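Be aware that the sequence shown starts at 41, since it is given in this note's numbering, and climbs by one per residue.
Ideal Cβ placement from N, Cα and C applies to all residues, glycine included.
Since the structure is predicted, the reported quantities are computational estimates derived from the model, not experimental observations.
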Amino acid sequence: MFHMYKVTREEAANILNISTRSIDRYIRAWKLRSKKEGKIVYIHEDDINNFLWVWNKKQEVIIWNIPQKQEIHVEEKSYTPAKIDENFWAIFDKLRFEIKLKDEEIKDLSMKIGKMEEVVKNSISMLEFKKNQFLLEESKNSLHSELENAKKELENKNTTLREEKKLNSVLIITTVILFIVLVVVWMIKI
(Lines of atoms letter the chains of each structure in order from A and count residues from 1; the text may use other names and numbers.)
(Lines give C-alpha, C1' and ligand atoms only; values in the text may rest on other atoms or scores of the structure.)
Protein backbone atom coordinates (compact mmCIF):
# COMPACT_ATOMS: atom_id res chain seq x y z
CA MET A 1 0.00 0.00 0.00
CA PHE A 2 2.88 2.37 0.85
CA HIS A 3 4.41 1.91 -2.61
CA MET A 4 1.67 4.15 -4.07
CA TYR A 5 3.01 7.06 -2.01
CA LYS A 6 5.96 7.94 -4.26
CA VAL A 7 5.52 11.62 -5.05
CA THR A 8 6.90 14.18 -2.61
CA ARG A 9 4.95 17.25 -1.61
CA GLU A 10 7.16 19.53 -3.74
CA GLU A 11 6.92 17.24 -6.79
CA ALA A 12 3.12 17.14 -6.43
CA ALA A 13 3.03 20.94 -6.30
CA ASN A 14 5.07 21.12 -9.52
CA ILE A 15 2.95 18.46 -11.26
CA LEU A 16 -0.31 20.18 -10.33
CA ASN A 17 1.18 23.64 -10.90
CA ILE A 18 0.15 24.87 -7.44
CA SER A 19 2.05 25.91 -4.33
CA THR A 20 3.15 23.56 -1.56
CA ARG A 21 0.86 25.51 0.80
CA SER A 22 -2.09 24.51 -1.41
CA ILE A 23 -0.90 20.90 -1.23
CA ASP A 24 -0.85 21.21 2.57
CA ARG A 25 -4.41 22.61 2.54
CA TYR A 26 -5.63 19.73 0.37
CA ILE A 27 -3.98 17.23 2.74
CA ARG A 28 -5.64 18.84 5.78
CA ALA A 29 -8.99 18.82 3.93
CA TRP A 30 -8.53 15.09 3.16
CA LYS A 31 -8.58 15.81 -0.58
CA LEU A 32 -5.09 14.29 -0.92
CA ARG A 33 -3.91 11.19 0.92
CA SER A 34 -0.42 11.44 2.34
CA LYS A 35 2.17 9.52 4.34
CA LYS A 36 5.01 11.06 6.29
CA GLU A 37 8.39 9.36 6.33
CA GLY A 38 10.78 11.26 8.57
CA LYS A 39 10.47 14.87 7.48
CA ILE A 40 9.35 14.04 3.92
CA VAL A 41 5.64 13.99 3.03
CA TYR A 42 4.61 11.66 0.20
CA ILE A 43 1.35 12.04 -1.74
CA HIS A 44 -0.69 9.13 -3.15
CA GLU A 45 -0.24 8.87 -6.94
CA ASP A 46 -3.92 8.13 -7.61
CA ASP A 47 -4.95 11.37 -5.90
CA ILE A 48 -2.56 13.38 -8.07
CA ASN A 49 -3.89 11.64 -11.20
CA ASN A 50 -7.47 12.35 -10.09
CA PHE A 51 -6.63 16.03 -9.57
CA LEU A 52 -5.05 16.21 -13.02
CA TRP A 53 -8.06 14.50 -14.61
CA VAL A 54 -10.53 16.84 -12.90
CA TRP A 55 -8.43 19.87 -13.77
CA ASN A 56 -8.18 18.81 -17.42
CA LYS A 57 -11.94 18.24 -17.56
CA LYS A 58 -12.48 21.76 -16.23
CA GLN A 59 -10.15 23.11 -18.92
CA GLU A 60 -11.98 21.32 -21.78
CA VAL A 61 -14.31 24.20 -22.51
CA ILE A 62 -15.11 24.42 -26.20
CA ILE A 63 -16.13 27.81 -27.47
CA TRP A 64 -17.62 28.10 -30.98
CA ASN A 65 -17.23 31.49 -32.69
CA ILE A 66 -18.38 33.78 -29.89
CA PRO A 67 -16.86 37.27 -29.99
CA GLN A 68 -15.81 38.49 -26.56
CA LYS A 69 -17.47 41.90 -26.69
CA GLN A 70 -20.74 40.89 -28.38
CA GLU A 71 -23.82 41.55 -26.29
CA ILE A 72 -26.69 39.12 -26.65
CA HIS A 73 -30.23 40.44 -26.32
CA VAL A 74 -33.36 38.34 -26.17
CA GLU A 75 -36.34 39.97 -27.79
CA GLU A 76 -39.21 40.25 -25.37
CA LYS A 77 -42.02 39.84 -27.93
CA SER A 78 -41.05 36.65 -29.73
CA TYR A 79 -40.66 33.55 -27.62
CA THR A 80 -40.25 30.85 -30.20
CA PRO A 81 -38.43 27.78 -28.89
CA ALA A 82 -35.77 28.02 -31.63
CA LYS A 83 -34.82 31.60 -30.67
CA ILE A 84 -34.80 30.78 -26.96
CA ASP A 85 -32.55 27.75 -27.57
CA GLU A 86 -30.21 29.77 -29.81
CA ASN A 87 -29.95 32.63 -27.31
CA PHE A 88 -29.63 30.25 -24.35
CA TRP A 89 -26.69 28.42 -25.90
CA ALA A 90 -25.01 31.61 -26.99
CA ILE A 91 -25.28 33.03 -23.48
CA PHE A 92 -24.25 29.70 -22.00
CA ASP A 93 -21.12 29.50 -24.21
CA LYS A 94 -20.23 33.12 -23.50
CA LEU A 95 -20.55 32.57 -19.74
CA ARG A 96 -18.56 29.35 -19.93
CA PHE A 97 -15.76 31.23 -21.71
CA GLU A 98 -15.80 34.00 -19.07
CA ILE A 99 -15.74 31.39 -16.30
CA LYS A 100 -12.71 29.76 -17.92
CA LEU A 101 -10.89 33.12 -17.95
CA LYS A 102 -11.81 33.77 -14.32
CA ASP A 103 -10.68 30.26 -13.35
CA GLU A 104 -7.29 30.92 -14.93
CA GLU A 105 -7.01 34.23 -13.07
CA ILE A 106 -7.98 32.53 -9.80
CA LYS A 107 -5.44 29.78 -10.40
CA ASP A 108 -2.68 32.32 -11.07
CA LEU A 109 -3.62 34.37 -8.00
CA SER A 110 -3.83 31.24 -5.86
CA MET A 111 -0.32 30.25 -6.92
CA LYS A 112 0.98 33.74 -6.18
CA ILE A 113 -0.71 33.73 -2.75
CA GLY A 114 0.71 30.28 -2.00
CA LYS A 115 4.21 31.38 -2.94
CA MET A 116 3.87 34.55 -0.85
CA GLU A 117 2.60 32.54 2.12
CA GLU A 118 5.58 30.20 1.78
CA VAL A 119 8.01 33.14 1.69
CA VAL A 120 6.36 34.68 4.76
CA LYS A 121 6.35 31.32 6.56
CA ASN A 122 10.05 30.77 5.87
CA SER A 123 11.16 34.31 6.70
CA ILE A 124 12.19 35.37 10.18
CA SER A 125 10.43 38.39 11.60
CA MET A 126 12.55 41.39 12.57
CA LEU A 127 11.39 41.09 16.19
CA GLU A 128 12.51 37.45 16.32
CA PHE A 129 15.85 38.43 14.72
CA LYS A 130 16.44 41.23 17.28
CA LYS A 131 15.50 38.87 20.13
CA ASN A 132 17.97 36.23 18.91
CA GLN A 133 20.67 38.88 18.42
CA PHE A 134 20.10 40.17 21.98
CA LEU A 135 20.29 36.63 23.40
CA LEU A 136 23.51 36.03 21.46
CA GLU A 137 25.11 39.21 22.82
CA GLU A 138 23.94 38.34 26.33
CA SER A 139 25.47 34.87 26.10
CA LYS A 140 28.76 36.37 24.76
CA ASN A 141 28.89 38.77 27.74
CA SER A 142 28.10 35.94 30.14
CA LEU A 143 30.84 33.75 28.65
CA HIS A 144 33.30 36.66 28.80
CA SER A 145 32.60 37.29 32.49
CA GLU A 146 32.86 33.55 33.25
CA LEU A 147 36.22 33.46 31.44
CA GLU A 148 37.49 36.45 33.48
CA ASN A 149 36.35 34.76 36.72
CA ALA A 150 38.09 31.53 35.70
CA LYS A 151 41.35 33.45 34.95
CA LYS A 152 41.23 35.16 38.37
CA GLU A 153 40.58 31.86 40.10
CA LEU A 154 43.50 30.24 38.24
CA GLU A 155 45.81 33.10 39.23
CA ASN A 156 44.68 32.83 42.89
CA LYS A 157 45.37 29.08 42.87
CA ASN A 158 48.80 29.64 41.29
CA THR A 159 49.65 32.19 44.03
CA THR A 160 48.47 29.78 46.74
CA LEU A 161 50.52 26.98 45.17
CA ARG A 162 53.69 29.15 45.14
CA GLU A 163 53.16 30.07 48.79
CA GLU A 164 52.66 26.41 49.71
CA LYS A 165 55.88 25.49 47.83
CA LYS A 166 57.81 28.16 49.78
CA LEU A 167 56.33 26.90 53.06
CA ASN A 168 57.21 23.31 52.19
CA SER A 169 60.75 24.37 51.28
CA VAL A 170 61.11 26.19 54.61
CA LEU A 171 59.77 23.16 56.50
CA ILE A 172 62.14 20.78 54.69
CA ILE A 173 65.13 23.04 55.38
CA THR A 174 64.07 23.38 59.02
CA THR A 175 63.67 19.61 59.32
CA VAL A 176 67.12 19.01 57.77
CA ILE A 177 68.72 21.57 60.11
CA LEU A 178 67.03 19.99 63.12
CA PHE A 179 68.16 16.56 61.98
CA ILE A 180 71.75 17.80 61.62
CA VAL A 181 71.59 19.45 65.04
CA LEU A 182 70.24 16.23 66.50
CA VAL A 183 73.01 14.18 64.89
CA VAL A 184 75.65 16.64 66.16
CA VAL A 185 74.19 16.55 69.69
CA TRP A 186 74.06 12.78 69.61
CA MET A 187 77.70 12.61 68.46
CA ILE A 188 78.83 14.95 71.16
CA LYS A 189 77.20 12.81 73.81
CA ILE A 190 78.97 9.71 72.63
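{"query": "Per DSSP, what are the beta-bridge partners of K76 in this structure?", "result": "V81"}
{"query": "So what does T48 bridge to, in DSSP terms?", "result": "Y82"}
{"query": "Using a 10 Å radius around the Cβ and a threshold of 16 neighbouring Cβ atoms, would you call T214 buried or exposed?", "result": "exposed"}
{"query": "Taking just the CA atoms, how far does H184 sit from L175?", "result": "14 Å"}
{"query": "Rounding to the nearest angstrom, what Cα-Cα distance links L234 and I228 in this structure?", "result": "This structure cannot settle anything about residue 234, because the visible part of the chain is limited to 41 through 230."}
{"query": "Assign F53 to one of three DSSP states: helix, strand, or coil.", "result": "The sequence shown places Ala at residue 53, not Phe. Looking at A53 - three-state DSSP - the assignment turns out to be helix."}
{"query": "Hey, is the region 44–53 in contact with the region 131–143, meaning 3+ C-beta pairs nearer than 8 Å?", "result": "no"}
{"query": "What ranges does the alpha helix (DSSP H) occupy inside the region 151–201, keeping only unbroken runs of at least 4 residues that lie completely in it?", "result": "none"}
{"query": "Select from I88, K75, E77 the residue whose C-alpha is nearest the C-alpha of N57.", "result": "I88"}
{"query": "Given a cut-off of 8 Å on the beta-carbon distance, is the pair E85 and M44 in contact?", "result": "yes"}
{"query": "For the candidate residues F91, K79, G78, S59, whose alpha-carbon lies nearest to that of L72?", "result": "F91"}
{"query": "Determine the burial state of S62: buried for a count of at least 16 other Cβ atoms within 10 Å of its Cβ, exposed for fewer.", "result": "buried"}
{"query": "Can you give me the C-alpha to C-alpha distance between L167 and D133, rounded to a whole angstrom?", "result": "53 Å"}
{"query": "Roughly how many whole angstroms lie between the Cα atoms of T48 and S179?", "result": "40 Å"}
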